[in-house]
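Structure, as structure tokens:
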């Protein structure tokens with residue numbers, strides 16, 4: 143949730159080329175947070191059987207733990223989803239609201255209800271849902287989806303597999319027990335390490351395309367290159383068995399995305415590009 147809001151807020155600044163309207167910022171962040179909450183609530187309902195098996199979720203998720211009836215969770219999700227759509231529509235525009243609704247529907251109906259349980263590529267395709275916030279933020283400011291927004295979407299989309307595969311490497315026994323075909327469960331650690339490296343490399347290459355496409359300056363370029371080098375190095379060491387662990391790659395991926403988007407904002411305000 144926090145990273146979703148970070149990518150949203152930073153994209154708002156980037157799309158505005160400065161300080162965005164307070165109304166648009168508030169509507170986009172609140173509407174997006176409500177929609178994310180709705181998606182998570184519906185995920186808890188659809189995955190309650192899986193969550194009840196997995197050690198990391200059986201007590202943390204109220205529907206799986208029996209503390210909250212599924213029907214009440216669905217009603218709660220409906221309120222959040224409708225509220226988020228309305229806030230985005232009235233505070234930003236219909237395109238931003240529609241993109242948010244599409245992301246919610248894709249996450250719940252395509253990823254959670256279908257892909258997650260059927261293919262080891264679940265997180266690759268399903269990652270599109272988590273990459274929607276930059277599109278929403280850009281549309282909220284400009285009323286359009288332009289090339290920089292598509293590249294920001296691509297950055298988050300490509301970042302998602304190495305991020306979640308690094309996590310799932312540490313939780314593969316949990317996923318196996320629940321029957322979830324995550325890549326480490328189906329293809330093993332070695333292939334997962336290789337895929338983590340390849341997607342990390344692709345992510346970093348796309349971040350550099352934002353320099354000409356979004357009109358970013360040297361500050362972002364240096365930050366993107368430095369952060370990317372750290373990400374690629376860790377993924378390479380994981381793949382080649384050079385002492386890197388999946389946990390360190392996972393933790394770095396969190397810091398990487400937050401600092402990368404923060405560098406875009408810093409570039410705008412410091413250089414005034």
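In the numbering used here, the protein residues as written are 143 to 415. Heads up, the beta-carbon is just placed ideally off N, CA and C, and yes, glycines get one too. Since the model is a prediction, treat every value here as computed from it, not as a measurement.
What is the rounded straight-line gap between the Cα of residue i and the Cα of residue j?
i	j	result
residue 376	residue 232	44 Å
residue 318	residue 168	41 Å
residue 216	residue 359	45 Å
residue 202	residue 355	42 Å
residue 320	residue 205	16 Å
residue 240	residue 153	18 Å
residue 265	residue 303	6 Å
residue 144	residue 178	11 Å
residue 125	residue 385	What is shown of the chain runs 143 to 415, which leaves residue 125 out entirely.
residue 332	residue 307	12 Å
residue 298	residue 210	32 Å
residue 197	residue 182	18 Å
residue 403	residue 148	7 Å
residue 252	residue 245	10 Å
residue 174	residue 405	22 Å
residue 313	residue 367	30 Å
residue 263	residue 340	14 Å
residue 281	residue 261	32 Å
residue 286	residue 410	20 Å
residue 408	residue 365	10 Å
residue 238	residue 221	18 Å
residue 344	residue 309	19 Å
residue 388	residue 327	15 Å
residue 249	residue 330	26 Å
residue 305	residue 397	11 Å
What did DSSP end up calling residue i once you bin it into helix, strand or coil?
i	result
residue 273	coil
residue 250	helix
residue 235	coil
residue 195	coil
residue 211	coil
residue 262	coil
residue 179	helix
residue 387	coil
residue 163	coil
residue 285	coil
residue 189	coil
residue 410	helix
residue 203	coil
Would you kindly report the start and end of the unbroken alpha helix (DSSP H) that includes residue i?
i	result
residue 363	360-381
residue 324	No alpha helix (DSSP H) holds residue 324; DSSP gives it neither H nor E.
residue 290	289-312
residue 345	331-355
residue 145	144-158
Closer than 7 Å by C-beta to residue i: which residues in its own chain qualify, once you throw out the five before and the five after it? Chain order, please.
i	result
residue 322	192, 258 and 259
residue 267	257
residue 400	145 and 148
residue 225	176
residue 346	370, 373 and 374
residue 171	147, 150 and 151
Tell me which same chain residues have a C-beta within less than 8 Å of the C-beta of residue i, skipping the five on either side of it?
i	result
residue 363	350 and 353
residue 187	205, 212, 215, 216 and 219
For residue i, which residues of its own chain have a beta-carbon under 6 Å away from its beta-carbon, when the five flanking residues on both sides are left out?
i	result
residue 290	355 and 356
residue 295	273, 276 and 277
residue 185	254
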